[in-house]
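Below is one structure, written out as structure tokens; comments come after it.
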Amino acid sequence: MPTPYKHQILPIEKVFRDPVHNYIHVQHQVILDLINSAEVQRLRRIKQLGTSSFTFHGAEHSRFAHSLGVYEITRRICDIFQRNYSAEYLGEEGWDDNERLVALCAALLHDVGHGPYSHTFEHIFKTDHEAITVEIITSPETEVFQILNRVSADFPDKVANVIKKTYPNPQVVQMISSQIDADRMDYLLRDAYFTGTEYGTFDLTRILRVIRPYKNGLAFAMNGMHAVEDYIVSRYQMYVQVYFHPVSRGMEVILDHLLNRAKELYEEAPEDYQLHSQLLVPFFKGNYSLQDYLKLDDGVLNTYFTQWTSLPDPILTDLANRFLIRRPLKSATFSGNRDSVTIRHLKALIEKVGYNPQYYTAINSSYDLPYDFYRPEKHSHRTQIEIMQKDGTLVELSKVSHLVAALAGQTQIDERFFFPKEMIDPKRQQHFDLFDDTYREFAAYIHNGALVEGKQ
1 MPTPYKHQIL PIEKVFRDPV HNYIHVQHQV ILDLINSAEV QRLRRIKQLG TSSFTFHGAE
61 HSRFAHSLGV YEITRRICDI FQRNYSAEYL GEEGWDDNER LVALCAALLH DVGHGPYSHT
121 FEHIFKTDHE AITVEIITSP ETEVFQILNR VSADFPDKVA NVIKKTYPNP QVVQMISSQI
181 DADRMDYLLR DAYFTGTEYG TFDLTRILRV IRPYKNGLAF AMNGMHAVED YIVSRYQMYV
241 QVYFHPVSRG MEVILDHLLN RAKELYEEAP EDYQLHSQLL VPFFKGNYSL QDYLKLDDGV
301 LNTYFTQWTS LPDPILTDLA NRFLIRRPLK SATFSGNRDS VTIRHLKALI EKVGYNPQYY
361 TAINSSYDLP YDFYRPEKHS HRTQIEIMQK DGTLVELSKV SHLVAALAGQ TQIDERFFFP
421 KEMIDPKRQQ HFDLFDDTYR EFAAYIHNGA LVEGKQ
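Numbering-wise (full-length UniProt numbering), the sequence shown opens with residue 1 and increments by one.
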């Protein structure tokens with residue numbers, strides 16, 4: 001029978017070199033075994049930023065690296081809490097280090113349920129990476145479950161409850177999931193590093209110095225408020241400049257249409273996909289198992305896309321080629337009605353020159369709140385950031401920060417109409433084309449990257 005993990009510390013600490021944190025320190029056998037599990041190793045084969053690598057060529061980092069980073073930040077927080085804010089001295093306001101292992105495991109496993117090109121894949125096939133994460137943690141058929149189960153019979157459920165935000169200790173939950181948590185802190189720093197965008201950085205060391213446990217979660221010392229402000233601004237900049245980048249979204253639209261076209265063709269000739277795209281068949285059918293899901297990664301999808309470039313359907317082959325050789329759809333910003341007369345007219349022009357508007361146009365919106373706070377009229381809200389004053393009382397961040405107050409509750413929305421770049425390509429104007437008048441009419445609706453309404 002395997003040795004129980006409960007108190008199994010590695011005789012010599014293991015380390016992983018990391019460009020963001022320098023070293024990832026592993027001290028528990030359970031963490032090392034989880035890292036080596038099949039389900040966690042699969043994350044090496046899934047990019048953290050999906051299609052963003054088509055815009056920022058350095059953004060090839062994986063969800064595996066990010067998961068190690070979230071673990072490392074959580075480990076550092078646990079060390080700081082145990083050293084300075086132990087429940088042994090502070091009572092229920094302090095940190096109980098018996099929670100360390102569940103926090104570390106939840107941090108490492110928080111993204112284990114992500115699929116290939118995660119958000120686009122989820123949208124089309126109606127999967128839910130958080131639900132699949134919980135299933136991986138609690139299903140007896142996974143290596144992850146077998147490892148966690150050796151800690152104790154109820155340990156997999158404890159870790160899953162942290163992911164589901166139902167774990168009874170809010171300090172543990174907020175370490176992994178809040179508006180300033182180990183997850184967000186790592187992906188901002190990691191994504192900034194690999195995209196080469198300096199404005200995504202912030203002072204992690206200072207934030208970890210001023211983080212405090214209290215009975216109902218985590219707070220930050222008043223003298224560290226400016227470091228928290230810096231984090232909020234960095235997060236805002238990364239969303240605007242990186243995560244919402246129109247080229248990355250143009251590639252997401254191609255990917256979305258490509259998978260939708262394949263799904264549509266599967267329904268017409270399912271036997272063909274059993275031959276060339278077998279691992280996707282359960283998802284086309286809408287009847288997949290956990291093991292079906294775990295067989296997929298970015299490489300599997302890219303291999304199928306390459307195969308699709310040789311299939312007879314011209315839309316599928318063109319979209320597959322556009323994705324593989326980076327031919328994103330162009331876009332223009334707009335505000336107002338998604339089904340306006342102008343947008344319908346532009347779709348008609350696109351169809352006139354030979355493009356199916358169902359597969360070569362899209363309306364795409366990206367939006368995020370840089371910082372949110374509790375509002376009683378809302379049924380759900382994010383965990384707000386609490387600032388701890390010298391006397392121990394708490395105040396919500398936007399009440400003491402003019403900078404954050406200016407951002408609080410302000411949704412950042414970037415709504416775009418996507419279309420084939422060929423519609424406004426100046427190179428095409430050097431040659432005679434039967435549809436020159438149509439192209440010129442279309443281009444007249446685009447000015448300074450935005451749609452001009454009401455030109456008809």
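Just so you know, even glycine gets a beta-carbon here, dropped at the ideal spot from N, CA and C. Since the structure is predicted, the reported quantities are computational estimates derived from the model, not experimental observations.
- Within 10 angstroms of the beta-carbon of Ser310 lie fewer than 16 other beta-carbons, which makes it exposed.
- Of the other Cβ atoms in all chains shown, 16 or more fall within 10 Å of the Cβ of Thr361; this residue is therefore buried.
- Closest in C-alpha terms to Arg63, from the list Arg83, Cys78 and Tyr117, comes Tyr117.
- Here Ala227 is not near Asp191, since their CB atoms are 8 Å or more apart.
- Straight through space, the alpha carbons of Thr393 and Asp79 are spaced by roughly 24 Å.
- Of all alpha-carbon atoms in Phe81, Ser248 and Tyr236, the one lying nearest the alpha-carbon of Arg209 is that of Phe81.
- Taking a cut-off of 8 Å on C-beta distances, the region 317 to 335 touches the region 233 to 252, as three or more cross pairs fall below it.
- Here the alpha carbons of Glu92 and Gly58 stand approximately 45 Å from one another.
- The C-beta separation of Asp186 from Ser177 comes to about 13 Å, leaving the pair out of contact by the 8 Å criterion.
- For secondary structure counted as the beta strand (DSSP E) over 3 or more consecutive residues, the region 217 to 260 holds these complete runs in sequence order: 217 to 221.
- Taking Thr55 as the centre and dropping the five residues before and after it, the same chain places the C-beta of His245, Val247 and Ser248 closer than 7 Å to its C-beta, in chain order.
- Approximately 14 Å separates the beta-carbon atoms of His28 and Leu109; this is outside 8 Å, ruling out the contact.
- A Cβ-Cβ distance of about 12 Å is found for the pair Lys14 and Leu34, leaving them out of contact under the 8 Å criterion.
- In this structure, the beta-carbon distance from Thr138 to Asp157 falls below 8 Å.
- Residue Phe417 holds the alpha-carbon nearest to the alpha-carbon of Arg344 among Leu319, Glu396 and Phe417.
- C-alpha of Tyr214 to C-alpha of Ala160: approximately 23 Å in a straight line.
- Around Tyr273, the same chain offers Tyr266 and Val281 as residues with beta carbons nearer than 6 Å, after the five sequence neighbours per side are excluded.
- Here the C-alpha atom of Arg440 lies approximately 8 Å from the C-alpha atom of Ile424.
- A straight-line Cα-Cα distance of about 33 Å links Glu143 and Glu271.
- By the C-beta density criterion, Leu188 is buried, having at least 16 other C-beta atoms within 10 angstroms.
- Of the residues Tyr167, Pro312, Gly115 and Glu88, the one whose Cα lies closest to the Cα of Glu130 is Gly115.
- Straight across, the Cα-Cα distance linking Thr195 with Pro11 is about 37 Å.
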